[in-house]
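Peer 1: First to last, the sequence lines map onto chains F and A. Each position in the first sequence, counted from 1, maps to that position plus 26 in the working numbering. Each position in the second sequence, counted from 1, maps to that position plus 2 in the working numbering. Below are the structure tokens for one structure; questions will follow.
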Amino acid sequence: MAEDITISQPPSRWQGATDKFFRGLCYTFAWLSIFLVVLIVFRIAMQAGPAVRQYGLGFLTTKTWDPNQEQFGVLPEIWGTVYTSLLALLIGSAFGVAAAVFMSEGYLGGFIFGILKFFHVQFHPFWGKLPNQAEYTLKNLIELLAAIPSVVYGLWGLFVVIPLIRPACNWLHAKMGWFALFSTDLSGPGVLPAVVVLSIMILPTITAISRHSLSTVPPKLRMAAYGLGATQWETILAVILPTAARGIFAGIILAFGRALGETMALAMLVGNANVLSISLFSPANTLAALLANTFPEAHPKEISVLMYAALILLGITLAVNVIGAAILERTSAGLEGGK
Amino acid sequence: MATQEAAGSSLQTPLPNDVDLNPLSGVDFSELEKSLRRPRTLINVLLSGLVTCMTLLALIPLFSVVWLLLWRGGSKLSLALFTQLPPAPLERGGGFGNAILGTIIIVVLAALLSVPLGVLTAVFMAQASEKNRLATVVRFAAKVLTGFPSILAGVFAYGAVVLTTGGYSAVAGAVAVAILMLPTIMLTAEDALRMVPPKMKEAAIGMGATHTQTVLMVLLPTAFPGILTGIMLAVARAAGETAPLLFTALFSNYWLTSGGHFNLMQPTASLAVLIYNFAGMPFKNQVEMAWAAALVMVLMVLVTNLIGQSLSRQQIQQEE
């Protein structure tokens, strides 16, 4: 009989037990990771508790930070965080989306193909691969921007960006000091160097997500636009970008979240001054930089106040990230449904 | 546009005998000329040029950073850097051997914490059905954690570890860094596990393997390169993190062996914090050392990144 010669057997009791154990373990770990997120929020909120009770909402709207008098307010930090992030977002998304269009339109590959064609080697087994390889390298180079640690960007900003832009900034202040954005001079660290470095740091996020979203635009749409006689850029501006707009928007929101929480480059470049100013050259402070600079030498009484500041930062970034992730989720779901 | 209209109208009107049958007659071909004098073409060329310039401009910082690292960091590089302790102000020479060791210890500890949690959670997510609520929530939590500010991981570890154990330590730093590594590991591992062909899983189950045997002997080995890529990427990110270490691992000018025995529960040096501390110092030796440390750190990060990427490429080739 077949049953006599079969080598298969039901799981032994030991195998059954380990199976149950392993399933349970995976299940527990899944819960554990949710629990971890809740714990992080809860822990920070708990430790912020005393400060929240003591200072209330006035903490958000006052400007002094004086540990000796025990007077604390983070209005300049909130302003600095949002101001630097928005400016960086402006520059970062302009360049990020431009780079994404450059890559998705295959300009570099087309350019190299043109050169090869000039030498009649465009289908050569070796040279013919070059356009694709160049596109791949460009993509990796942009991704490399994200791989450089933020403290290295801070170092670079300190020794390269600041000396580079300082003469121009001081010239602008001298000539156009009446203009609110140029109303102070750049004495070293300040808003502008921080914004420049921050925009470079968020660019890869915007480019990667935008490029992905541009590449999911159905080629039919492009062909239809060309068929109607539109030029390449009329197609890009009127058809491709609007179709990919949602994904690009999600990328920009996620980059905004990253800019809000970015710490080291800002702690090194923004000047850490408790100043509320609209000037691009004035030193300022951000919530993350405040935490980085004050925490290591904080007075025990200050800890709770800093936890309150951390809680505010957590609230802002969490809200921005959840919105970004939700939009991204919906875009991909929408495009998949359309196929 | 002009071509189509002209062609359309000439076809619809009844044709007298003496008329030219060419449908393109009456088309002003100069209108269609691809010339820079035409605004449409001009705008096209200008925008193409603009996008090209902006992309090149975006890459300048990358080359500038790399050039400065090689130039300012490379000139300082020597064997002593890897074996000696950080110099005091105004002291010459010195190195950052303890910081390199500290970074490695913190990252390894963080990986020990985050890899089991991340991979097993990924196994759960990959095995769960599409409609499983818990899996959806975990995935969303992981995506939200990806954008979690690194400094807040430090704040959490300060509250949860430093305050409870009563001191700055490598362990506290590792907890903070592990939180940042977790989402990367989780999401890439889930992807890798989902890429395993369902046939293999079905074959294992068909042969009577239990759920656990299927996961441990079929799914995990097949998805291993992909999972390892995720771990490598997470490690690369972790090695460069500064903010979560500032007030968890703090910094130390000495080796981890205090009083003759190895102790993880004490302030620990790391390359990232060394760069941050030394960059702001007015001493030339320290600033040069910061650049050299930055070079070493970027090399560590890039090598880990490249290993991770080459692993994922191998996997893709295998599947093809």
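Quick reminder that beta carbons are idealized off the backbone N, C-alpha and C, glycines included.
1. Quick check on DSSP: helix, strand or coil for F:W40?
2. Counting only the same chain and skipping the five closest in sequence on each side, list residues whose C-beta sits under 7 angstroms from that of F:V346.
3. Enumerate in chain order the residues of its own chain whose CB-to-CB distance from F:I304 is below 6 angstroms, with the five nearest sequence positions on each side excluded.
4. How would you write the range of the alpha helix (DSSP H) that A:F239 sits in, first residue to last?
5. Given a cut-off of 9 angstroms on the beta-carbon distance, is the pair A:A144 and A:P118 in contact?
6. For F:H150 and F:Q159, I'd like the C-alpha separation in whole angstroms.
7. Quick one: any contact between the region 164-179 of chain F and the region 220-232 of chain F, if contact means 3 or more CB pairs under 8 angstroms?
8. Tell me, which residues are paired with A:T259 by DSSP?
9. Identify whether F:W204 lies in helix, strand or coil by the three-state DSSP scheme.
10. My parser needs the alpha helix (DSSP H) runs of 4 or more residues fully inside the region 154-210 of chain A; what are they?
11. Does the beta-carbon distance from F:W182 to A:S66 come in below 9 angstroms?
12. Can you tell which of A:T224, A:V164, A:A194, A:D193 has its C-alpha closest to the C-alpha of A:A206?
13. From what residue to what residue does the alpha helix (DSSP H) around F:A293 run?
14. Who are the near neighbours of A:A124 in its chain, counting only those whose CB is closer than 7 angstroms to its CB and skipping five residues on each side?
15. F:S59 CB to nearest chain A CB: under 9 angstroms?
16. Residues of the region 291-313 of chain F in Cβ contact with chain A at a cutoff of 7 angstroms, in chain order, please.
17. Please state if the CB of F:M333 and the CB of F:Q73 are separated by a distance shorter than 9 angstroms.
18. Show which residues of chain F have a CB atom less than 7 angstroms away from the CB atom of A:I45.
19. In the DSSP assignment, find the alpha helix (DSSP H) that holds F:P93 and state where it starts and stops.
20. Can you pull out the residues from the region 190-212 of chain F whose beta carbon lies closer than 8 angstroms to at least one beta carbon of chain A?
21. Please look up how many angstroms separate the CB atoms of F:G106 and F:L295, rounded, as I've assumed it's under 8 angstroms.
22. Taking A:T250 and A:G156 to be in contact with their CB atoms under 8 angstroms, please state how far apart those CB atoms are, rounded to whole angstroms.
23. Going by beta carbon distance, what residues of the same chain come within less than 7 angstroms of F:G350, once the five residues before and after it are set aside?
24. Is the Cβ-Cβ distance between F:S308 and F:R272 less than 9 angstroms?
25. For a cutoff of 9 angstroms on Cβ pairs, would you count A:M3 as touching chain F?
26. Which chain F residues are close to A:I309, counting only those with a beta carbon under 7 angstroms from its beta carbon?
27. If you measure between the beta carbons of A:V107 and A:L258, is that distance less than 9 angstroms?
28. I need the straight-line Cα distance from F:W40 to F:F47, nearest angstrom please.
29. What residue range is occupied by the uninterrupted alpha helix (DSSP H) comprising F:P102?
30. So what does DSSP say about F:F98, is it helix, strand or coil?
31. Any idea if A:A4 is buried or exposed, counting beta-carbon neighbours within 10 angstroms, 16 or more meaning buried?
32. Where does A:Q129 sit, in a helix, a strand or coil, going by DSSP?
33. Count Cβ pairs between the region 283-293 of chain A and the region 89-99 of chain A that sit closer than 8 angstroms; are there 3 or more?
Peer 2: In terms of the structure at hand:
1. helix
2. I279, F282, G283, L286
3. A206
4. Residue identity check: residue 239 of chain A is Arg in the sequence provided, not Phe. Segment 222-242, the alpha helix (DSSP H) holding A:R239.
5. no
6. Distance from the CA atom of F:H150 to the CA atom of F:Q159, rounded to whole angstroms, is 14 angstroms.
7. As far as the Cβ criterion goes, the region 164-179 of chain F touches the region 220-232 of chain F, which means the pair count is three or higher.
8. Paired residue(s): A:F264.
9. coil
10. Runs of the alpha helix (DSSP H) lying entirely within the region 154-210 of chain A and spanning at least 4 residues, in chain order: 172-197, 200-208.
11. yes
12. A:T224
13. 290-295 is the span of the alpha helix (DSSP H), which, as asked, contains F:A293.
14. M188, A191, E192, L195
15. Yes - at least one Cβ of chain A is within 9 angstroms of the one on F:S59.
16. M294
17. Yes, Cβ-Cβ distance for F:Q73 and F:M333 is below 9 angstroms.
18. W259
19. Taken as a continuous stretch (DSSP letters only), F:P93 belongs to no alpha helix (DSSP H), as it is neither H nor E.
20. none
21. F:G106 to F:L295, Cβ: 12 angstroms. No contact.
22. 5 angstroms
23. Here the set comprises A276, I279, L280, G283.
24. no
25. Here the model assigns A:M3 a pLDDT of 43, short of 50, so the residue's position is not dependable and the matter cannot be decided.
26. At a beta-carbon threshold of 7 angstroms, none of the residues of chain F lie near A:I309; the nearest stands roughly 13 angstroms away.
27. Per the sequence shown, the amino acid found at residue 107 of chain A is Ile instead of Val. Yes; because the gap between Cβ atoms is below 9 angstroms, this pair is in contact.
28. 10 angstroms
29. 101-130
30. strand
31. With a pLDDT of only 45 at A:A4, under the threshold of 50, the placement of this residue in the model should not be trusted; the figure read from the coordinates follows. When all chains shown are included, A:A4 counts as exposed.
32. helix
33. yes
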